[in-house]
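Taking it in order: structure first as structure tokens, then the write-up.
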Amino acid sequence: MPMVYLIENQIVFNPEENSLSLLSDDESKITVSNPARRILLLLIEQHGVVVQRETFFKKVWDDYGLNASNNNLNHCISKLRKVISTLGYQNEFIVTVPKVGFIIRKEIIIETCANKIETQVLVENGDEVAKEPDIVPG
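Residue numbers for the sequence shown follow the working numbering, beginning at 168 and rising by one.
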């Protein structure tokens, strides 16, 4: 089952769709590049731990036969910061550790969810009634 991530209970990151959106507004979906998606996934997997630049180079570009550079990495990080800010998260999300790498602050709440957003169905007097979509914890 595909995994999605809920960031600070407001932003949904769906790696399978290369997208970030507001939990409260699926129309807010913003698509990111494959390298940006891989960077965000790596940062989430290492949540609270500094990911070194060399690790990004290998796992985001080299492993896919692409050319890695500081410029490419900085561009993708900048794009991710802009997307997250556009979705309304104004606090510092991805922190630069000079001459080392990047980190998602430990204080930021990131939850793993089993499947995108599933709609719960309630049964009232034998009739099915659709309810607001809920994130299903994984």
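Beta carbons are placed, not taken as given, at the ideal position from N, Cα and C, and that holds for glycine. Keep in mind that this is a model prediction, so the values were computed, not measured.
Spell out the partners DSSP gives residue i in its beta bridges.
| i | result |
| --- | --- |
| Q219 | G268 |
| Y172 | F180, T279 |
| L306 | This structure leaves residue 306 out entirely; the chain is present only between 168 and 305. |
Hey, out of the options, whose CA is closest to residue i's CA?
| i | options | result |
| --- | --- | --- |
| T263 | I276, E278, L247 | L247 |
| L254 | E183, N181, S188, N176 | S188 |
| S186 | N176, E175, V171 | V171 |
| K266 | E259, L210, V217, E184 | V217 |
| Q219 | T279, I211, G268 | G268 |
| H242 | P202, C280, T279, N258 | P202 |
In three-state terms, what does DSSP make of residue i?
| i | result |
| --- | --- |
| L208 | helix |
| V262 | strand |
| Y256 | coil |
Do the CB positions of residue i and residue j come within less than 8 Å of each other?
| i | j | result |
| --- | --- | --- |
| I277 | I261 | no |
| V179 | L190 | yes |
| K226 | L209 | yes |
| Q177 | Y256 | yes |
Where does residue i land, buried or exposed, given buried means 16+ other C-beta within 10 angstroms?
| i | result |
| --- | --- |
| L233 | exposed |
| N181 | buried |
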